[in-house]
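Position 42 (the sequence shown) corresponds to 42 in the UniProt record's numbering; numbering is contiguous. As structure tokens, the structure follows; a few thoughts come after it.
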Amino acid sequence: MNSNQCEQEEISTDTNDLNIEILVPAIGAVIHDIDLSNSLDKSNIIQQIEQALIRHQVIFFRNQHLTPKQHRDFARLFGNLHTNPF
Numbered sequence: 001m002n003s004n005q006c007e008q009e010e011i012s013t014d015t016n017d018l019n020i021e022i023l024v025p026a027i028g029a030v031i032h033d034i035d036l037s038n039s040l041d042k043s044n045i046i047q048q049i050e051q052a053l054i055r056h057q058v059i060f061f062r063n064q065h066l067t068p069k070q071h072r073d074f075a076r077l078f079g080n081l082h083t084n085p086f
């Protein structure tokens, strides 16, 4: 694979498909065609995002327009939030 080619992987679930672009073999992937501003519950899609994070160590969601509340709500789907005091 040369530097201009990216491997694609598609993870299918019963109701959802994740379109994942692997950035480099060692680390990193972009998850395409998902709108994080929509309400996502603890469904197969969240489990697939968790699996992609474990597998690729770093994941990106491009072109997302989230309010601070939407960002927190999305993060809470993966567990309790911890806020560091400044």
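Don't be surprised by glycine CBs; every beta carbon is placed ideally from N, CA and C.
Option nearest residue i by Cα separation, candidates the options
i, options, result
"S40", "R76, T83, F86, N84", "Note that residue 40 is Leu in the sequence shown, not Ser. Of the listed residues, the one whose Cα sits closest to L40 is R76."
"A26", "I34, H56, F74, P85", "H56"
"E21", "R72, I46, V58", "V58"
"D17", "F86, H65, Q47", "Q47"
"G28", "I49, T67, N84, P85", "I49"
"Q64", "I34, T83, L53, S43", "I34"
"L23", "I45, L66, A52, N44", "A52"
Supposed close pair residue i, residue j - CB separation, criterion 8 Å
i, j, result
"F74", "I31", "Wrong, their Cβ atoms sit about 12 Å apart, outside the cutoff."
Sequence-distant residues of the same chain with beta carbon closer than 8 Å to residue i, five excluded per side
i, result
"R72", "L81"
"Q70", "L36, S37"
Residues near residue i by beta carbon distance below 6 Å, same chain, minus five either side
i, result
"N84", "none"
Residues bridged to residue i [DSSP beta-bridge criterion]
i, result
"V30", "E21, F60"
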